[in-house]
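> Okay, here's the structure, questions in a sec.
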Amino acid sequence: MSAPTAGRLLLRQARAEVATLVALAVTTLLVAGVLAAWPRAVDRMVADDLAQQVAAQSPLDRDLTLPAHPQILLDTVPGPAEVADGMAALQATADAQTAGAGPALRGLLSGARFAVERPEVEIERGARAPDIAQMSLSLLIDPSLPDRVRWVAGAAPAPYDAGAAAGRPLADAAADLPAVEIGLSAAAAEALRWDVGETRRSVDRSFPVDLRLSGTFEAVDPDDGSWRHLPSALGASVVDDPNAGVLVTGVGFADPGALAALVVPNGTTTRYWHPLDASGVAGADREALIADLQRVRADEGLRSGTTDVLVAGRAREATVTSLLDVLAVGMSGAAVGVLWLAAVLAVERRRSALALLRARGASGAAVRGLVAAQGLLVSLPAGAAGIALGVLAVPGATRPADLLPAAAAVLAPMVLLAVAAGRVAGRAGRADLGSRPWRWRWVAEVLVVVAAVVSVVVTGQRGLGGATGATGGADPLVSVLPVVLGLAAAVLVLRLYPWPVRGLLGLVRRRPGAAGFLGAAQAARSPAAGLVPVVALVLGVATVALSAVTLSTVGAGSERSAVRSTGADVRLDLTARTASGGGLTPEQVAAAGDVDGVAAVAAVGDAGPRTVEIGRTSGTAAVVVVEAAALAEVQAGLPGVAALPEALARAGAGGALPALVADGLDAGGDEAVTVLVGARAEPVDLDAAGAAREVPGVVTGQSWVLVDSAAWSARTGTEVVVDRLLVRVERGADPAQVAAALTTALDDPLTVRTVAAARAELDRSVLVTGTRTALLVVTGVSALLCAGVLGLLLLTGAPARGRTTALLRTLGAPVSVGRGLVAAEVAGPVVVSALGGLLVAAVLPRLVLGSADLRLFTGAAERADLVVDPATVAAVAAAGLVVCAAALAVAVAAARRVVAVEVLREGA
Numbered sequence: 001m002s003a004p005t006a007g008r009l010l011l012r013q014a015r016a017e018v019a020t021l022v023a024l025a026v027t028t029l030l031v032a033g034v035l036a037a038w039p040r041a042v043d044r045m046v047a048d049d050l051a052q053q054v055a056a057q058s059p060l061d062r063d064l065t066l067p068a069h070p071q072i073l074l075d076t077v078p079g080p081a082e083v084a085d086g087m088a089a090l091q092a093t094a095d096a097q098t099a100g101a102g103p104a105l106r107g108l109l110s111g112a113r114f115a116v117e118r119p120e121v122e123i124e125r126g127a128r129a130p131d132i133a134q135m136s137l138s139l140l141i142d143p144s145l146p147d148r149v150r151w152v153a154g155a156a157p158a159p160y161d162a163g164a165a166a167g168r169p170l171a172d173a174a175a176d177l178p179a180v181e182i183g184l185s186a187a188a189a190e191a192l193r194w195d196v197g198e199t200r201r202s203v204d205r206s207f208p209v210d211l212r213l214s215g216t217f218e219a220v221d222p223d224d225g226s227w228r229h230l231p232s233a234l235g236a237s238v239v240d241d242p243n244a245g246v247l248v249t250g251v252g253f254a255d256p257g258a259l260a261a262l263v264v265p266n267g268t269t270t271r272y273w274h275p276l277d278a279s280g281v282a283g284a285d286r287e288a289l290i291a292d293l294q295r296v297r298a299d300e301g302l303r304s305g306t307t308d309v310l311v312a313g314r315a316r317e318a319t320v321t322s323l324l325d326v327l328a329v330g331m332s333g334a335a336v337g338v339l340w341l342a343a344v345l346a347v348e349r350r351r352s353a354l355a356l357l358r359a360r361g362a363s364g365a366a367v368r369g370l371v372a373a374q375g376l377l378v379s380l381p382a383g384a385a386g387i388a389l390g391v392l393a394v395p396g397a398t399r400p401a402d403l404l405p406a407a408a409a410v411l412a413p414m415v416l417l418a419v420a421a422g423r424v425a426g427r428a429g430r431a432d433l434g435s436r437p438w439r440w441r442w443v444a445e446v447l448v449v450v451a452a453v454v455s456v457v458v459t460g461q462r463g464l465g466g467a468t469g470a471t472g473g474a475d476p477l478v479s480v481l482p483v484v485l486g487l488a489a490a491v492l493v494l495r496l497y498p499w500p501v502r503g504l505l506g507l508v509r510r511r512p513g514a515a516g517f518l519g520a521a522q523a524a525r526s527p528a529a530g531l532v533p534v535v536a537l538v539l540g541v542a543t544v545a546l547s548a549v550t551l552s553t554v555g556a557g558s559e560r561s562a563v564r565s566t567g568a569d570v571r572l573d574l575t576a577r578t579a580s581g582g583g584l585t586p587e588q589v590a591a592a593g594d595v596d597g598v599a600a601v602a603a604v605g606d607a608g609p610r611t612v613e614i615g616r617t618s619g620t621a622a623v624v625v626v627e628a629a630a631l632a633e634v635q636a637g638l639p640g641v642a643a644l645p646e647a648l649a650r651a652g653a654g655g656a657l658p659a660l661v662a663d664g665l666d667a668g669g670d671e672a673v674t675v676l677v678g679a680r681a682e683p684v685d686l687d688a689a690g691a692a693r694e695v696p697g698v699v700t701g702q703s704w705v706l707v708d709s710a711a712w713s714a715r716t717g718t719e720v721v722v723d724r725l726l727v728r729v730e731r732g733a734d735p736a737q738v739a740a741a742l743t744t745a746l747d748d749p750l751t752v753r754t755v756a757a758a759r760a761e762l763d764r765s766v767l768v769t770g771t772r773t774a775l776l777v778v779t780g781v782s783a784l785l786c787a788g789v790l791g792l793l794l795l796t797g798a799p800a801r802g803r804t805t806a807l808l809r810t811l812g813a814p815v816s817v818g819r820g821l822v823a824a825e826v827a828g829p830v831v832v833s834a835l836g837g838l839l840v841a842a843v844l845p846r847l848v849l850g851s852a853d854l855r856l857f858t859g860a861a862e863r864a865d866l867v868v869d870p871a872t873v874a875a876v877a878a879a880g881l882v883v884c885a886a887a888l889a890v891a892v893a894a895a896r897r898v899v900a901v902e903v904l905r906e907g908a
């Protein structure tokens with residue numbers, strides 16, 4: 001018989017342990033796929049969040065604008081040729097402002113825009129506007145207007161020619177200027193009550209020009225940011241001044257040739273802006289874009305709020321990437337434990353074959369190389385498939401550095417198999433008895449614990465992302481926290497583990513029955529299967545705990561933030577005066593309470609700013625009135641909402657008026673608090689029943705006073721205008737449907753907000769949805785890895801357990817002895833890892849989430865408190881019990897199939 005070649009031997013060994021190699025392949029596939037997709041997903045999420053933050057800005061803040069509006073001053077009325085040259089010069093100036101922009105910024109700009117503006121002039125009111133006190137009109141020339149509007153009546157303004165006035169001094173030519181045709185938005189024409197074809201004259205003596213309405217238009221895209229740079233361009237401004245009457249101001253657009261008339265008599269101003277594409281920010285280099293924006297500001301004076309958003313994005317990125325990297329590292333640590341156990345299992349199953357190779361002259365390096373090649377044969381295709389799936393799952397640019405963790409996962413089985421082969425092939429005897437302790441073990445353990453303590457202290461002092469907050473990215477120290485803490489916890493519990501087990505062994509030794517004694521003896525002899533499996537289980541448990549606490553904290557914080565922004569299930573704000581000129585009437589408030597689904601209604605009114613005297617000091621504070629008892633009923637049980645002082649709703653006829661005051665007023669001492677009311681400034685004494693930063697949905701700020709509406713009216717004799725309703729809906733009612741019914745019943749212009757809508761708005765954030773998905777993925781994968789560790793632990797110990805069980809059955813021991821051994825083998829790692837995991841779980845979430853600024857997930861004004869949801873904890877614990885029970889059942893079922901005669905015949 002010819003000697004087998006290395007390749008044939010490799011294939012023969014691979015076929016001998018198909019199940020173990022499949023476990024290695026599946027684990028490699030899973031871990032490599034997750035690690036390949038993880039950095040790409042995080043980068044994409046951060047980039048999309050940055051784009052979302054930029055898009056959330058007003059175009060006035062987002063676009064590049066020139067704060068100063070340069071003037072166009074001329075001595076004489078220009079002719080058509082001069083006007084054309086002037087408009088071309090203005091466009092050239094606009095183009096030149098960003099000509100030197102860097103490539104990162106240049107790719108986001110969609111062209112330079114400008115508009116020439118003549119300050120508003122008063123015009124004739126026309127025959128159809130006797131109730132309007134004054135009409136004013138600003139005149140604009142916008143060369144890009146034809147591309148952005150659709151003419152619905154009439155036509156665009158005709159080209160303008162100054163005629164005989166051209167060339168004359170501005171001061172002398174005003175009276176001879178021909179009529180200027182203008183276009184108005186349909187909404188502005190309606191507000192000005194101006195018909196197409198109608199001519200109105202400017203009543204400004206310095207600009208006595210006729211203005212003819214040539215047509216009205218609608219915006220092709222009302223959301224086009226350019227409209228925000230032109231005030232009131234799509235609708236007139238209507239102000240109902242109690243002293244001056246109704247004032248209407250509109251914007252008229254003229255032909256570029258009308259510049260000849262608009263410069264009379266004191267010139268015009270020019271607005272420059274450069275639209276910035278928010279969607280392109282996601283694919284741009286953030287640091288290069290910041291540098292480009294800062295350069296054009298220094299060189300051309302162009303400003304954009306996008307710069308501040310991008311700079312703030314560094315801290316957001318540092319928080320998010322550090323948090324997610326902590327989760328990824330914890331999950332990866334558990335994966336290493338699975339791969340190590342799979343490698344040990346594969347080598348243990350071929351212990352006799354490897355020993356035979358050594359006996360026939362194979363060197364240790366050759367044996368390790370053979371096993372490593374077998375691992376590479378399995379992990380390379382599985383890892384390549386995992387990386388391909390990860391790359392396909394998250395499209396985007398691929399950086400070599402992003403694939404390094406996945407490549408390490410591909411090579412890990414090869415390395416771990418070689419290490420395991422070196423440990424096994426060179427050692428004879430039983431594998432279940434452990435190995436000789438390393439004499440420097442205690443030094444290494446002390447160093448691990450010291451490193452964990454130092455990491456905790458430094459992270460607590462510096463905060464999450466403290467090392468990279470200026471440039472973004474993950475904090476390396478925070479990223480390795482799970483491994484450091486997991487190692488320290490494993491070291492501590494493994495050191496403490498033998499003491500209670502020995503005590504348990506002493507107790508069961510004196511009790512009848514062999515199952516308990518043998519199980520305790522097995523647990524004491526082989527403490528928790530070694531360091532690597534325990535660390536893997538600790539990291540898995542801690543990672544799941546961190547994910548669960550993060551989900552609970554973010555969810556609770558988002559709910560509190562939504563509640564605090566609305567103050568009730570439904571919030572209704574009056575957006576304009578009612579027909580009577582006041583606020584909501586008592587009849588309307590009562591009608592709101594009669595709407596189906598409404599459980600309680602609280603009316604909120606504004607008594608206006610008042611002078612408040614506290615001792616010898618005085619200041620101005622907003623006085624807000626509310627039905628205190630109704631508000632307490634509306635807000636009862638809402639998360640994050642403190643109860644109102646009971647004294648607020650028990651105001652009597654005499655004495656000081658109970659009030660809740662802003663904590664910024666410093667009215668908590670013995671000094672008297674008085675508010676001055678009415679034209680005569682009559683004092684009303686207040687009794688500060690409490691102080692608060694805010695009353696959600698009612699009032700916030702540093703200077704305010706909240707009193708009961710009935711008590712205020714009785715004490716001051718004034719009725720306060722109600723401009724807000726806070727509504728509590730009945731259990732089971734749909735807040736959106738109740739809000740719609742309220743809007744119909746009140747029949748007034750209202751802004752409606754609900755807690756559900758506010759929460760949904762927060763949940764639409766890219767960071768919130770992305771982080772929640774990542775947490776769920778990590779939780780699921782970590783749970784699978786923990787199950788894999790337990791399963792592989794049982795498979796690794798199965799041969800020795802089978803031999804012991806067979807021998808005991810031969811001696812007459814009952815079947816329950818086998819179950820006891822299995823239970824003891826599972827109980828050791830489970831108890832140790834549970835204790836270690838709980839130890840890390842008690843520190844890691846507080847350290848990571850306590851240092852992280854979770855406000856970017858919750859939308860709250862202050863940091864979120866750590867929340868441990870009992871339902872989530874119960875679900876995680878139940879899942880862990882299910883995993884342990886499943887592993888125990890499988891092991892017991894496998895033990896029942898052991899045939900004692902066959903095991904003993906093999907040499908047990």
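Mind the numbering: the sequence shown is residues 1 to 908 in the UniProt record's numbering, read in order.
Glycine residues also receive a C-beta, built at the ideal position from the N, C-alpha and C atoms.
Determine the contact status of Glu646 and Ser709, defining contact as a CB-CB distance below 9 Å.
Sequence index remark: in the sequence shown, residue 646 carries index 646 (1-based). Sequence index remark: in the sequence shown, residue 709 carries index 709 (1-based). Cβ atoms of Glu646 and Ser709: not closer than 9 Å.
> With a floor of 4 residues, list each alpha helix (DSSP H) that falls wholly inside the segment 241-281, ordered by position along the chain.
Correct list: 259-262.
> Give the range of the alpha helix (DSSP H) segment to which Asp292 is assigned.
Stepping through the sequence shown from its first residue, residue 292 is reached at position 292. Taken as a continuous stretch (DSSP letters only), the alpha helix (DSSP H) holding Asp292 covers 286-300.
> Could you say if the segment 185-201 and the segment 113-120 meet the contact criterion of at least three C-beta pairs nearer than 8 Å?
Output reads no: the segment 113-120 does not touch the segment 185-201.
> Should Ala317 be labelled buried (16 or more other beta-carbon atoms within 10 Å of its own) or exposed?
Position 317 of the sequence shown holds residue 317. Reading the sequence as shown, one finds Glu at residue 317 and not Ala. Classification for Glu317: buried.
> Taking its Cβ as the centre, do 16 or more other Cβ atoms sit within 10 Å of Val18, making it buried, or is it exposed?
Taking the sequence shown and counting its residues from 1, the one referred to as residue 18 is at position 18. Exposed: under 16 other Cβ atoms inside 10 Å.
> Ends of the beta strand (DSSP E) at Glu317?
Indexing the sequence shown from 1 puts residue 317 at position 317. Looking at the DSSP string, Glu317 is not in any beta strand (DSSP E); the run it does join, the alpha helix (DSSP H), is 306-349.
> Within 10 angstroms of its Cβ, does Leu572 collect 16 or more other Cβ (buried), or is it exposed?
As a position in the sequence shown, residue 572 is number 572, starting the count at 1. It counts as buried.
> Would you check if the distance between the CB atom of Leu184 and the CB atom of Phe207 is smaller than 9 Å?
Position 184 of the sequence shown, counted from the first residue, corresponds to residue 184. Position 207 of the sequence shown, counted from the first residue, corresponds to residue 207. Cβ distance not < 9 Å, so Leu184 and Phe207 don't count as in contact.
> Counting C-beta neighbours from all protein chains within 10 Å, is the total for Glu862 16 or more, i.e. buried, or is it exposed?
The residue labelled residue 862 in the question sits at position 862 within the sequence shown. Looking at its Cβ environment, which holds fewer than 16 other Cβ atoms inside 10 Å, Glu862 is exposed.
> Suppose you measure from the CA of Ala632 to the CA of Val598; what does that come to, to the nearest Å?
In the sequence shown, counting from the first residue as 1, residue 632 sits at position 632. In the sequence shown, counting from the first residue as 1, residue 598 sits at position 598. In a straight line, the C-alpha of Ala632 is about 15 Å away from that of Val598.
> Out of Asp195, Gly567, Trp442, point me to the one whose CA is closest to Val634's CA.
One-based indexing of the sequence shown puts residue 634 at position 634. The option with the nearest alpha carbon to Val634 is Gly567.
> Would DSSP call Pro78 helix, strand or coil?
Here residue 78 corresponds to residue number 78 of the sequence shown, with the count starting at 1. The answer is coil: DSSP assigns Pro78 none of H, G, I, E or B.
> The ligand FMN heavy atoms versus the CB of Val695: any closer than 8 Å?
This structure lacks the ligand FMN, and indeed carries no ligand of any kind.
> Under 6 Å Cβ to Cβ from Ala559, same chain only, skipping five residues before and after it: list those, please.
The sequence position of residue 559 within the sequence shown is 559, counting from 1. In the sequence under discussion, the amino acid at residue 559 is Glu, which differs from the Ala named in the question. Around Glu559: Pro639.
> Across the segment 403-415 and the segment 50-65, are there enough close Cβ pairs to call them in contact, namely three or more that are closer than 8 Å?
Taking 8 Å as the limit for Cβ pairs, the verdict is that the segment 50-65 does not touch the segment 403-415.
> Give the secondary structure of Gly608 by DSSP, where H, G and I count as helix, E and B as strand, and everything else as coil.
Here residue 608 is taken as the residue at index 608 of the sequence shown, counted from 1. Strand at Gly608.
> With 16 other CB atoms within 10 Å as the buried threshold, where does Val538 fall?
Within the sequence shown, the letter at position 538 stands for residue 538. Burial call: buried.
> Comparing C-alpha positions only, which one of Leu177, Asn266, Asp49 sits nearest to Leu73?
The residue you call residue 73 lines up with position 73 of the sequence shown. Among Leu177, Asn266, Asp49, the Cα nearest to that of Leu73 belongs to Asn266.
> Between which two residues does the beta strand (DSSP E) harbouring Gln134 extend?
In the sequence shown, the residue the question calls residue 134 occupies position 134. Counting along the chain, the beta strand (DSSP E) containing Gln134 begins and ends at 134-141.
> Quick one: give me the first and last residue of the beta strand (DSSP E) that Glu682 is part of.
Working through the sequence shown from its first residue, we reach residue 682 at position 682. First-last of the beta strand (DSSP E) with Glu682: 682-692.
> Can you tell which of Gly167, Pro400, Val534 has the C-alpha that lies nearest to the C-alpha of Leu793?
Counting from one through the sequence shown, the residue named residue 793 turns up at place 793. Here the closest residue by C-alpha is Val534.
> Can we say the segment 756-775 touches the segment 47-57, given the rule of at least three CB pairs closer than 8 Å?
Contact between the segment 756-775 and the segment 47-57 is present, because at least three Cβ pairs lie under 8 Å.
> Classify Val18 as helix, strand or coil using the three-state DSSP reduction.
Looking up residue 18 in the sequence shown gives position 18. DSSP places Val18 in helix when its eight states are reduced to three.
> For Ala233, which residues from the same chain have a beta carbon less than 6 Å from its beta carbon, with the 5 sequence-adjacent residues on both sides left out?
By 1-based counting over the sequence shown, the position of residue 233 is 233. Result list for Ala233: Trp227, Val251, in chain order.
> Quick one: what's Asp195 bridged to in DSSP?
As a working mapping, residue 195 is identified with position 195 in the sequence shown. Partner(s): none; Asp195 has no beta bridge.
> If you compare alpha carbons, which of Ala875, Ser138, Ala99 is closest to Ser547?
Counting from 1 along the sequence shown, the entry for residue 547 is found at position 547. Ranking Ala875, Ser138, Ala99 by Cα distance to Ser547 puts Ala875 first.
> Please state whether DSSP places Ser144 in a helix, a strand or coil.
Taking the first residue of the sequence shown as 1, we reach residue 144 at position 144. Three-state result, Ser144: coil.
> Quick one: is Gln97 buried, meaning 16 or more other Cβ sit within 10 Å of its Cβ, or exposed?
Numbered from 1 along the sequence shown, position 97 holds the residue referred to as residue 97. Gln97 should be labelled buried.
> Pairing CB atoms from the segment 29-47 with CB atoms from the segment 848-862, are three or more of them under 8 Å?
As far as the Cβ criterion goes, the segment 29-47 does not touch the segment 848-862, which means the pair count is below three.
> So Val721 packs on Gly583, CB below 8 Å; how close in whole Å?
Mapped onto the sequence shown, residue 721 falls at position 721. Mapped onto the sequence shown, residue 583 falls at position 583. Going by Cβ atoms, the distance from Val721 to Gly583 rounds to 4 Å, so yes, they are a contact pair.
> Classify Thr20: buried if its beta carbon has 16 or more other beta carbons within 10 angstroms, exposed otherwise.
Numbered from 1 along the sequence shown, position 20 holds the residue referred to as residue 20. The residue in question, Thr20, is buried, as its Cβ has 16 or more Cβ neighbours within 10 Å.
> Are the Cβ atoms of Ser703 and Ala621 separated by less than 9 Å?
On the sequence shown, residue 703 is found 703 positions in, with the first residue counted as 1. On the sequence shown, residue 621 is found 621 positions in, with the first residue counted as 1. Taking 9 Å as the Cβ cut-off, Ser703 and Ala621 qualify as a contacting pair.
> Runs of 3 residues minimum, wholly inside the segment 535-610: which ones carry the beta strand (DSSP E) assignment?
For the segment 535-610, whole beta strand (DSSP E) runs of length 3 or above, ordered along the chain, are 570-574.
> Just tell me which of Leu750, Arg803, Gly375 has its CA closest to the CA of Ala420.
Working through the sequence shown from its first residue, we reach residue 420 at position 420. Taking only the C-alpha atoms, the option nearest Ala420 is Gly375.
> I believe Leu259 touches Val149 by the beta-carbon criterion, under 8 Å. Please report the beta-carbon distance rounded to the nearest angstrom.
Sequence index remark: in the sequence shown, residue 259 carries index 259 (1-based). Sequence index remark: in the sequence shown, residue 149 carries index 149 (1-based). About 19 Å separates the two Cβ atoms, so there is no contact after all.
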